[in-house]
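These protein sequence lines map, in sequence, to chains A and B.
Residue 395 is where the first sequence starts when you use my numbering, and the numbers rise one by one after that.
Residue 628 is where the second sequence starts when you use my numbering, and the numbers rise one by one after that.
Quick notes on the structure that follows.
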Amino acid sequence: MKMKKLISTTRYKDSLGHFYILDNAGSIMPAVSDTTYTSLFCFTCKLKEKVEKEKLQIALEKTIKRYKYLYCKLKKGLFWYYLEEIDKKPKIEDEVEPICTNYSIFTSPLFRVRAKDRRISVEFSHALTDGTGAIEFLKTLLYEYFNILGYNLPSTNITVASSPIDPEEYEDDYKRYYEQNIPKPDPLPIAFHIPGKILPKHIYRVIFGYCDVDQVLKVAKSKNLTLTEFLSAIYIYSLQKIYFSIDERKRKRYSPFIAFETPINLRKIHPSKTMRNFSLFLISKLDCRMGQYTLDEIFELTHLQMQIELKKKEHLKMIKRNVASEYIFALRLVPLFLKVLVLRSAFYYLGDGLISGFLSNIGQINLDQKYFEHIEHFDFIPAPGKASKTNCSVVSFKNILSIAFGSRTEQKDLERIFFSTLVSLGINVHVTTKL
Amino acid sequence: MPYCYNCGVRLDDDASYCPLCGAKIPVNKKQDDQSIKSNDIENKINIKNKIDIENNTEIDKNNSIYPSYEKSSEKQKLTSIIEIISVSFIISIISIVLINFILEGKITWSKIPSVTIFFTWLIIASILIFYKKIIYSFLFIFLSIFGYLISLDSLDKKIGWSFTYALPILISCLIIFFLLFLLTTKTKQKGLNLIAYYLIGGCLICFAIDLIINFNISSFFLITWSKYVSFAVIPMSLFLLYIHHRFVKKLPGKRIFRI
Numbered sequence: 395m396k397m398k399k400l401i402s403t404t405r406y407k408d409s410l411g412h413f414y415i416l417d418n419a420g421s422i423m424p425a426v427s428d429t430t431y432t433s434l435f436c437f438t439c440k441l442k443e444k445v446e447k448e449k450l451q452i453a454l455e456k457t458i459k460r461y462k463y464l465y466c467k468l469k470k471g472l473f474w475y476y477l478e479e480i481d482k483k484p485k486i487e488d489e490v491e492p493i494c495t496n497y498s499i500f501t502s503p504l505f506r507v508r509a510k511d512r513r514i515s516v517e518f519s520h521a522l523t524d525g526t527g528a529i530e531f532l533k534t535l536l537y538e539y540f541n542i543l544g545y546n547l548p549s550t551n552i553t554v555a556s557s558p559i560d561p562e563e564y565e566d567d568y569k570r571y572y573e574q575n576i577p578k579p580d581p582l583p584i585a586f587h588i589p590g591k592i593l594p595k596h597i598y599r600v601i602f603g604y605c606d607v608d609q610v611l612k613v614a615k616s617k618n619l620t621l622t623e624f625l626s627a628i629y630i631y632s633l634q635k636i637y638f639s640i641d642e643r644k645r646k647r648y649s650p651f652i653a654f655e656t657p658i659n660l661r662k663i664h665p666s667k668t669m670r671n672f673s674l675f676l677i678s679k680l681d682c683r684m685g686q687y688t689l690d691e692i693f694e695l696t697h698l699q700m701q702i703e704l705k706k707k708e709h710l711k712m713i714k715r716n717v718a719s720e721y722i723f724a725l726r727l728v729p730l731f732l733k734v735l736v737l738r739s740a741f742y743y744l745g746d747g748l749i750s751g752f753l754s755n756i757g758q759i760n761l762d763q764k765y766f767e768h769i770e771h772f773d774f775i776p777a778p779g780k781a782s783k784t785n786c787s788v789v790s791f792k793n794i795l796s797i798a799f800g801s802r803t804e805q806k807d808l809e810r811i812f813f814s815t816l817v818s819l820g821i822n823v824h825v826t827t828k829l
Numbered sequence: 628m629p630y631c632y633n634c635g636v637r638l639d640d641d642a643s644y645c646p647l648c649g650a651k652i653p654v655n656k657k658q659d660d661q662s663i664k665s666n667d668i669e670n671k672i673n674i675k676n677k678i679d680i681e682n683n684t685e686i687d688k689n690n691s692i693y694p695s696y697e698k699s700s701e702k703q704k705l706t707s708i709i710e711i712i713s714v715s716f717i718i719s720i721i722s723i724v725l726i727n728f729i730l731e732g733k734i735t736w737s738k739i740p741s742v743t744i745f746f747t748w749l750i751i752a753s754i755l756i757f758y759k760k761i762i763y764s765f766l767f768i769f770l771s772i773f774g775y776l777i778s779l780d781s782l783d784k785k786i787g788w789s790f791t792y793a794l795p796i797l798i799s800c801l802i803i804f805f806l807l808f809l810l811t812t813k814t815k816q817k818g819l820n821l822i823a824y825y826l827i828g829g830c831l832i833c834f835a836i837d838l839i840i841n842f843n844i845s846s847f848f849l850i851t852w853s854k855y856v857s858f859a860v861i862p863m864s865l866f867l868l869y870i871h872h873r874f875v876k877k878l879p880g881k882r883i884f885r886i
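As structure tokens, this is what we get:
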């Protein structure tokens with residue numbers, strides 16, 4: 395199939411200088427964000443020594459000069475949001491909690507860097523970038539920081555602060571790989587969302603689970619699954635268990651369709667250097683009207699569905715639907731304050747409301763072995779989800795697999811079932827709520 | 628490392644309960660004794676420093692007996708201010724009514740100042756309570772002023788001008804003030820243009836008052852004296868707007884107007 399290569403930059407110029415537009419996925423984020431559902435996701439790194447804030451500040455200033463297009467403030471135009479670069483020096487906050495909440499992307503920069511004791515934490519808004527972009531930023535920050543400390547660690551797989559900015563880094567690659575003739579994706583029903591009392595405003599509960607990567611991979615491979623498929627299947631199994639634990643009379647209030655989202659990094663499928671959002675997702679479905687599936691059946695179903703979605707290139711249909719809506723002239727003329735109302739509805743009925751939850755696996759953080767002496771492990775915490783309430787993110791470093799559940803509900807049944815299922819499969823899990 | 632017997636997961640060394648199911652994790656006696664000892668020492672330190680965290684007071688070098696203003700939360704400050712204002716207004720009303728009653732044996736002239744003080748209190752309280760939610764503030768001020776005018780009107784046991792004159796004028800003022808407020812907050816480049824907007828707002832209020840008074844007198848919508856106000860205000864506002872836009876720094880273009 396011929397690809398129409400439309401290089402679509404997000405950097406424009408007017409009488410006041412340069413500004414950036416939001417990429418296709420990021421443009422919806424400001425409409426659905428507030429100080430609780432901030433759209434912030436978090437990468438944290440636990441070092442083996444206490445963080446020296448003054449040196450980290452210097453490293454951050456160097457890193458931000460390299461990633462100027464990320465150190466931006468959100469602004470409102472008449473029809474669309476846009477980004478302006480910030481001139482002020484960034485400030486490192488002294489606290490690392492609360493994570494991903496109690497923050498406004500409308501009055502503050504679209505990311506924040508925090509440090510306390512041995513922790514460095516970067517929280518990015520999805521309006522700006524995705525997990526891949528955030529981890530590249532963090533790797534550069536760590537490289538510069540360790541250099542200032544005098545460790546002289548290698549820059550393999552790291553963009554150093556002194557390297558030139560490539561304009562492709564701030565491209566909207568959704569528009570680049572948009573194809574007009576592709577059909578839209580098949581409609582999905584509203585998905586099952588776990589019951590539970592919502593926590594008060596600005597409270598976002600995070601539970602971490604740590605396992606050995608080797609141990610988990612061994613069990614996953616014994617079921618012919620990848621790590622992501624394995625963990626996603628256990629998540630789906632946990633959702634099924636929660637659904638069937640609801641009283642039969644009350645169950646009618648809930649949708650019987652479990653739709654589980656697994657984000658995929660489109661940079662692995664389409665050539666891209668962008669540091670903006672460029673990911674979509676695969677959906678694995680389970681119809682609870684068919685009764686309860688066993689764990690092994692769910693393993694097989696998840697594996698097959700994810701493989702089929704990937705092979706069928708379903709993500710191209712999603713690109714088509716998302717980008718085409720941005721090109722509808724009548725919609726473009728709608729003033730921003732009205733557009734926001736439409737986007738909020740669209741976000742629920744075409745996105746957030748159609749999924750029961752997601753598990754985002756960023757993979758192994760590929761740093762040179764010399765970094766292992768200075769870094770204990772990484773954590774990746776998902777952004778708070780309004781409809782799904784609880785979601786999960788996974789990252790691995792060295793042999794440590796970090797699974798983080800972020801939740802806006804009081805009940806912890808999902809996390810409990812997930813981790814106890816891992817334990818029942820012979821995996822040792824260390825659970826904690828402490829950063 | 629302790630385990631949760633319910634979930635099977637490993638927990639932190641100092642975990643006293645499982646974060647997943649809430650099951651209590653038994654703590655060994657040696658740890659208990661150590662924690663009791665450390666609690667005793669902490670209590671002694673707290674008594675020695677005499678810090679009363681609940682009452683937010685501190686017996687410091689100045690021996691202040693009142694709560695610290697800087698250390699009070701915003702909510703505490705606001706509540707205290709509203710309380711002080713309310714008590715002082717109540718004392719004023721009671722004093723005036725009592726003086727009237729003692730001197731004349733019945734309540735006569737004190738009705739007007741009492742009603743005035745009461746509605747002033749209502750306006751101040753609504754501004755303080757709703758200062759973050761301006762729309763509610765506007766509505767409460769409007770209702771308070773209207774309530775005050777109705778009370779004054781009803782002193783002669785007949786309600787007349789408060790509905791025919793005061794209410795329409797108040798509504799017009801409310802709309803125009805709200806529009807001016809929105810313009811002031813939304814305008815990106817604030818300068819002489821704001822003065823021009825306020826002058827035009829004043830002119831519109833004059834038009835509204837003129838129309839309402841003439842309608843009540845002659846049942847026709849007529850503009851009489853307010854046109855002379857506009858002859859002075861409009862040229863002045865246009866001049867201010869010209870100065871503002873001619874000499875202001877460049878206006879943003881594409882970033883604001885991009886479709």
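Just so you know, even glycine gets a beta-carbon here, dropped at the ideal spot from N, CA and C.
Non-local C-beta neighbours of A/Lys470 in its own chain, meaning closer than 7 angstroms and more than five positions away in sequence, comprise Leu730, ordered along the chain.
Runs of the beta strand (DSSP E) lying entirely within the region 434-468 of chain A, each at least 3 residues long, are 434-441 in chain order. Chain order gives no chain A residues near B/Leu865, where near means a beta carbon separation below 8 angstroms; the closest approach is about 25 angstroms. Where B/Tyr869 is concerned, the enclosing alpha helix (DSSP H) starts and stops at 853-874. For A/Leu727, the nearest beta carbon of chain B is closer than 9 angstroms to its own beta carbon. Residue burial is scored here from C-beta neighbours: B/Met628 has fewer than 16 other C-beta atoms within 10 angstroms and is therefore classed as exposed. Linking A/Thr696 to A/Gly751 through their CA atoms gives a straight-line distance of about 14 angstroms. Linking A/Ser782 to A/Arg647 through their CA atoms gives a straight-line distance of about 16 angstroms. In this structure, A/Ile797 is the residue among A/Asp762, A/Leu819, A/Ile797 with its C-alpha nearest to the C-alpha of A/Pro776.
Counting other Cβ atoms within 10 Å of its Cβ, A/Glu563 reaches 16 or more and is therefore classed as buried.
If you look at B/Pro740, you'll find it in the alpha helix (DSSP H) that goes 738-756. In the same chain as B/Asn843, and ignoring 5 residues on each side of it, the C-beta atoms closer than 7 angstroms to its own belong to Thr791, Tyr792, in chain order.
Its chain contains Leu582, Ile584, Ala585, Ala653 as the residues whose beta carbon lies nearer than 7 angstroms to that of A/Leu748, once the 5 sequence neighbours on both sides are disregarded; these appear in chain order. Here DSSP, grouped into helix, strand and coil, assigns A/His697 to helix.
In this structure, A/Leu710 lies near A/Glu573, with their beta-carbon atoms less than 9 angstroms apart. Taking 4 residues as the shortest admissible run, the region 781-851 of chain B contains the following complete alpha helix (DSSP H) segments, listed from N- to C-terminal end: 794-813, 819-845. For B/Cys634, at least one C-beta of chain A is nearer than 9 angstroms to its own C-beta. For A/Val734, the enclosing alpha helix (DSSP H) covers residues 730-744.
If you draw a straight line from the Cα of A/Lys714 to the Cα of A/Thr404, it is about 18 angstroms long. B/Ile708 and B/Ile754 have their alpha carbons spaced roughly 12 angstroms apart. The beta carbon of B/Asp640 sits closer than 8 angstroms to those of Met628, Pro629, all from its chain and outside the five residues before and after it, given in chain order. In this structure, the beta-carbon distance from A/Val610 to A/Leu633 does not fall below 9 angstroms. Contact annotation: A/Tyr537 and A/Leu547 have beta-carbon atoms nearer than 9 angstroms.
The C-alpha of A/Lys635 is placed about 16 angstroms away from the C-alpha of A/Leu819.
The region 542-558 of chain A makes no contact with the region 616-623 of chain A, as fewer than three CB pairs between them are under 8 angstroms.
Counting other Cβ atoms within 10 Å of its Cβ, A/His771 reaches 16 or more and is therefore classed as buried.
Only residues of its own chain outside the window of five on either side were considered, and among them Glu538, Ala555 have a CB closer than 7 angstroms to the CB of A/Lys456, listed in chain order.
The residue among A/Glu446, A/Ile821, A/Lys569 with its C-alpha nearest the C-alpha of A/Asp511 is A/Glu446.
Think of a sphere of 7 angstroms around the beta carbon of A/Arg512: no beta carbon from chain B falls inside it, the nearest being about 16 angstroms out. Looking at the DSSP output, A/Gln758 shares a beta bridge with A/Ser790. Annotated three-state conformation of B/Ile761 is helix, per DSSP.
Identification of chain B residues near A/Phe813 by a Cβ-Cβ cut-off of 9 angstroms yields Cys634, Gly635, Val636, Leu647, ordered along the chain. Per DSSP, the continuous alpha helix (DSSP H) segment holding B/Leu725 begins and ends at 701-731. DSSP places A/Phe651 outside any alpha helix (DSSP H); the residue lies instead in the beta strand (DSSP E), whose first and last residues are 651-659. Residues of the region 827-844 of chain B with a Cβ closer than 8 angstroms to any Cβ of chain A: none. In the DSSP annotation of this structure, the continuous segment of the alpha helix (DSSP H) that includes A/Leu633 starts and ends at 621-639.
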